[in-house]
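In the numbering used here, the protein residues as written are 653 to 1041.
Data block below; observations after.
Structural data, given as structure tokens:
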């Protein structure tokens, strides 16, 4: 974890109008693939919620709501230059508030992933967190950042800044945490997410984004045909409740070896205890490189020709194969169903349950230090090869 000194910028007033939105009046029909911004205008916990859309010179766009900092849609060109929405989500902000909602597109904090039994000890004091995943705490607890209305400031047509102040004791975590997350859509079709945080009391921090991707297009029934590479020689095996055992297990010769590209579905049904625990892949991989300049994961769709490269400064990445999606509720975008394994997540992070494992990279943040990390999701397309007569 890199630590530097940084002064948090003041929060600007929320913008009332939605930049680059195609929906200027209630009667205007939404363009196919775009999200109706009016369905994201609401007041939650006394704060204004809106939809912000960033668009680059290539025509790609990303729509983000300040409710939970969620990525609602992400339109990128496929091999035929057709814009394709590659993230799962809902058509209105209200759907993100339903019980059991799977964190679609959300900013996750104060601690991404799981903390065993919802407890950890810091500077000799034990802290107890909210349990929302059986006997464990998941993604910050029931009162996590995914459910907060962030203060928003659209800096320009391609950059959105979100800020949130988490009070001392919120969800059980110590210290007042000032957080700023900046989304940038670059002209080379990359979504860059920069995280900053400072505290007034020693605490633990592990921030990430929980976008669910399907490069065939959201609503497609599977991601098992996607080709995946992960630059990792080890992963952190888990117990039956998905809490790391503390070991770093080599991936060589196992279903967890993605150093050479293979489809997600190739080994997912193997008779492997770890795959049984996760009902598929739901594991943290120990990244070989995490300098922000080398791709740590690459995913390719055989249908659209869209490829995704992931870059990060984080030491780990959680690969989740959408094992708990059911498709029972047909309430996805456009009334679509999101069935079992119809999306994958690549959540960059420090390791799950790190506060309870001294051998894992520390997630402790102290006063006077700054939590600073960056992750980029870059989208490329396979060029169309013209047939020669």
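The beta carbon of each residue, even a glycine, is placed where N, CA and C say it ideally should be.
Remember, predicted model here, so these are calculated numbers, not experimental data.
Among all the DSSP beta bridges, which residues are the ones paired with residue 900? Reading the chain shown from its first residue, position 248 is the one you call residue 900. Paired residue(s): none; residue 900 is not in a bridge.
Quick check on the burial criterion: 16 or more other C-beta atoms within 10 angstroms. Buried or exposed for residue 1007? Numbered from 1 along the chain shown, position 355 holds the residue referred to as residue 1007. Under this definition residue 1007 is a buried residue.
Buried or exposed for residue 937, going by 16 or more other Cβ atoms inside 10 Å? Residue mapping note: residue 937 aligns to position 285 of the chain shown, counting from 1. Buried, by the Cβ-count rule.
In terms of DSSP beta bridges, what is residue 646 paired with? Residue 646 lies beyond the range of the chain shown here (653 to 1041); nothing can be said about it.
Under the three-state DSSP convention, the category residue 1007 falls into: Within the chain shown, residue 1007 is the residue found at index 355, counting from 1. Helix, per DSSP.
Quick one: using the 10 Å Cβ neighbour count with 16 as the cut-off for buried, is residue 1028 buried or exposed? As a working mapping, residue 1028 is identified with position 376 in the chain shown. Buried.
Residue of 706, 862 and 729 minimising C-alpha distance to residue 758: As a working note, residue 758 is residue 106 in the chain shown. By alpha-carbon distance to residue 758, the top candidate from 706, 862 and 729 is 862.
Is the beta carbon of residue 866 less than 8 Å from the beta carbon of residue 872? Numbered from its first residue, the chain shown carries residue 866 at position 214. Numbered from its first residue, the chain shown carries residue 872 at position 220. Against a cut-off of 8 Å, the Cβ pair of residue 872 and residue 866 comes out as a contact.
Based on Cα-Cα distance, which residue from 824, 909 and 786 lies nearest to residue 773? Here residue 773 is taken as the residue at index 121 of the chain shown, counted from 1. Comparing Cα-Cα distances from residue 773 to each of 824, 909 and 786, the minimum goes to 824.
Output the distance between the C-alpha atoms of residue 1014 and residue 967, rounded to the nearest integer angstrom. Counted from its first residue, the chain shown places residue 1014 at position 362. Counted from its first residue, the chain shown places residue 967 at position 315. Between the alpha carbons of residue 1014 and residue 967 lies a distance of about 11 Å.
At a cut-off of 7 Å, would you count residue 774 as near the ligand SAM, judging by its Cβ distance to the nearest heavy atom? In the structure shown, the ligand SAM is absent, as is every other ligand, since no ligand is present at all.
Can you find at least 3 beta carbon pairs, one from the stretch 878–887 and one from the stretch 905–919, that sit closer than 8 Å? yes
Uninterrupted beta strand (DSSP E) stretches inside the stretch 735–762 (no shorter than 3 residues): 735–737 and 758–760
What distance in whole Å lies between the Cβ atoms of residue 929 and residue 900, which are believed to be in contact at a cut-off of 8 Å? Your numbering for residue 900 matches position 248 in the chain shown. Your numbering for residue 929 matches position 277 in the chain shown. About 17 Å separates the two Cβ atoms, so there is no contact after all.
Report the rounded CA-to-CA distance for residue 767 versus residue 922, giving the unit in angstroms. Taking the chain shown and counting its residues from 1, one reaches residue 767 at position 115. Taking the chain shown and counting its residues from 1, one reaches residue 922 at position 270. The alpha-carbon atoms of residue 767 and residue 922 are separated by roughly 27 Å.
Ignoring anything shorter than 3 residues or poking outside the stretch 900–982, list the beta strand (DSSP E) runs there in chain order. 934–939, 949–952, 958–964 and 968–972
Helix, strand or coil: how does DSSP classify residue 996 here? For the purposes of this step, residue 996 is identified with residue 344 of the chain shown, where counting begins at 1. Correct three-state label for residue 996: strand.
Contacts around residue 795, its chain only, beta-carbon distance under 7 Å, and the 5 residues preceding and following it disregarded: Along the chain shown, read from residue 1 onward, the residue named residue 795 stands at position 143. 782, 822 and 823.
Whole angstroms is fine: what's the gap from residue 843's alpha carbon to residue 961's? Within the chain shown, the letter at position 191 stands for residue 843. Within the chain shown, the letter at position 309 stands for residue 961. Between residue 843 and residue 961, the C-alpha separation is close to 11 Å.
Can you grab the Cα-Cα spacing for the pair residue 801 / residue 860, in whole Å? Numbered from its first residue, the chain shown carries residue 801 at position 149. Numbered from its first residue, the chain shown carries residue 860 at position 208. Cα-Cα distance, rounded: 17 Å.
Among all the DSSP beta bridges, which residues are the ones paired with residue 862? Here residue 862 is taken as the residue at index 210 of the chain shown, counted from 1. Paired residues: 758.
In angstroms, rounded to a whole number, what distance separates the CA positions of residue 727 and residue 974? For the purposes of this step, residue 727 is taken as residue 75 along the chain shown, with counting starting at 1. For the purposes of this step, residue 974 is taken as residue 322 along the chain shown, with counting starting at 1. Going by the C-alpha atoms only, they are around 21 Å apart.
With a 10 Å radius around its C-beta and 16 neighbouring C-beta atoms as the bar for buried, classify residue 775 as buried or exposed. Locating residue 775 in the chain shown gives position 123, counting from the first residue. Exposed, because fewer than 16 other Cβ atoms sit within 10 Å of the Cβ of residue 775.
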